[in-house]
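A quick write-up on the structure given underneath.
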Amino acid sequence: MTTTTSRIPGLHKLSPRERLQKVAETAGLGDDAIAHLADTGNLDAATADSMIENVIGTLNIPLGVATNMVVDGQEVLVPMATEESSVVAAVCNAARQCRGSGGFTTAMSGSLMIAQVQLVGVTNPEFARLQILEHKSDIQAICDDTDPVLLKHGGGFRDVEVRVLEGRDGPMVVTHLVVDTRDAMGANAVNSMAEAVAPRVAEWTGGRTYLRILSNLADRRLARARATWSLEDIGGAEVRDGILAAYDFADIDPYRAATHNKGVMNGVSAVVLATGNDTRAVEAGAHAYAARSGQYRSLTRWEVDADGNLTGTIEMPLAVGLIGGATRSHPTARIALDIMGIQTAERLACTIAAVGLAQNFAALKALATTGIQKGHMALHAKNIAVMVGATGDEVDKVAQELVAQGKVRVNVAEAILKSLRG
Ligand code: NAD
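Using this note's numbering, read the sequence shown as starting at 145 and increasing by one per residue.
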């Protein structure tokens, strides 16, 4: 690497091609690397350039499709964008094993987002709280005037709530604007409302407003999914009890819960990304919700029904949209929605919750039975094969031999490839 400086004045004013040239010069990239980055695949450079700053290329991530999903009686193919092997296969397997029991049943608590306005500098916060609440109709008018398009689509202001918090330098009065953002994720929509309302809050109370931004703890936008896995379909009571024990572990131990929920998010984030939605927003909301009791816990719950079958449920904030951000500007994201046949943000969120539950089932079952590595390694072996330079049909041959030997390691892969090539 030959980076001489990270100062490249005016880089942002150049075209993606010119930027790439500049970065290549600075970093000492060769012609092959430049040609590689110049090929932006199915996201053209101009679109990419309109999405973020200082674009020099695009990064392709595999897009897979989860099969076997039945959500609220409807067959649905679910596109998933992920770099991690086993994630798509896990959803297909889990969904196949609950098809016989009717698949997934879902619901949504609503499409309400919360924007926060932080007020400081008042000595009588409880008094200020009531002053703000008294202006509910003014607040409604300001919010709805800010976004007439949202209003036209059936969304807009729904409620105002005011909390008094004890800050380090005195009390803080936090106004929550509760807004229905319909088919938009809604961050920009509610941020604009918070900015419009804030000066008036300062005026009504005599305090000073600082932060005006949404909360990603979208607990008025909970997606819920449930499913039953019959004993017959999962392989008996021992498997069920292993899954229950694994869940129990996650629910009492944050060290385990983090990995348990990471598995849930393997499925959730892959669909969020495939549809051009904001993975960080959903992840932040999920983890904050998992910790709402004061202890970080499982996003899913596993129980046994009266007939001894395994039942699973998930409930988590899922602020995703069909409008705004990359959901419309990224052509692949639009096609992902077409594959699912989804017309509303609510359906998308419910489907994602079902995928999260399926993913969790698959991980718990693997952990409780054969261990996670068996399934993982078969796919991981292919990555290792590519890593050591296998190409074409060498990839499968090397991977199969790695699995057969039970040693999915780079040094073993190198030796296998060498002997294959004679
Ligand atoms: P947006 O502002 O681009 O689009 C939403 C707007 O679309 C609405 O305000 C409305 O005017 C209009 N609209 C048209 N048809 C609609 C319909 N059927 N339903 C609802 N609205 C409709 O996007 P957004 O959803 O407000 O914001 C999402 C973006 O904000 C994402 O890209 C996200 O990454 C980004 N963001 C996130 C955060 C965060 O999560 N903390 C903060 C800032 C920005």
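Positions of the beta carbon are idealized from the N, C-alpha and C atoms, including for glycine.
Run of the beta strand (DSSP E) containing M195, from where it starts to where it stops: For M195, there is no enclosing beta strand (DSSP E); the enclosing alpha helix (DSSP H) has its first and last residue at A189 to M195.
Close beta carbons around I357, own chain, < 8 Å, minus the five adjacent residues each side: A259, Q260, N335 and A338
Cross-strand partners of D324 (DSSP beta bridge): L256 and G300
Any non-hydrogen atom of the ligand NAD closer than 8 Å to D291 Cβ: yes
DSSP state of R368 mapped onto helix, strand, coil: strand
Start and end residues, beta strand (DSSP E) containing E219: Here the beta strand (DSSP E) through E219 covers Q218 to A225.
Exposed unless 16 or more other CB atoms sit within 10 angstroms - verdict on F301: Around the beta-carbon of F301, 16 or more other beta-carbon atoms lie within 10 Å, marking it buried.
Rounded straight-line distance, which links the Cα of P461 to that of T495: 13 Å
Segment limits, alpha helix (DSSP H) that includes M337: A331 to T349
N410 CB to nearest heavy atom of the ligand NAD below 8 Å: no
DSSP-derived helix/strand/coil call for R273: helix
Cross-strand partners of T353 (DSSP beta bridge): Answer is L263.
Reduced DSSP category for A233 - H, G, I as helix; E, B as strand; rest coil: helix
Three-state class that DSSP yields for P206 in the structure shown: coil
Residue range of the unbroken beta strand (DSSP E) whose run includes E447: T444 to V448
Element boundaries [beta strand (DSSP E), containing P461]: Under the DSSP assignment, P461 falls in the beta strand (DSSP E) whose first and last residues are L454 to P461.
Extent of the continuous alpha helix (DSSP H) to which P160 belongs: P160 to A171
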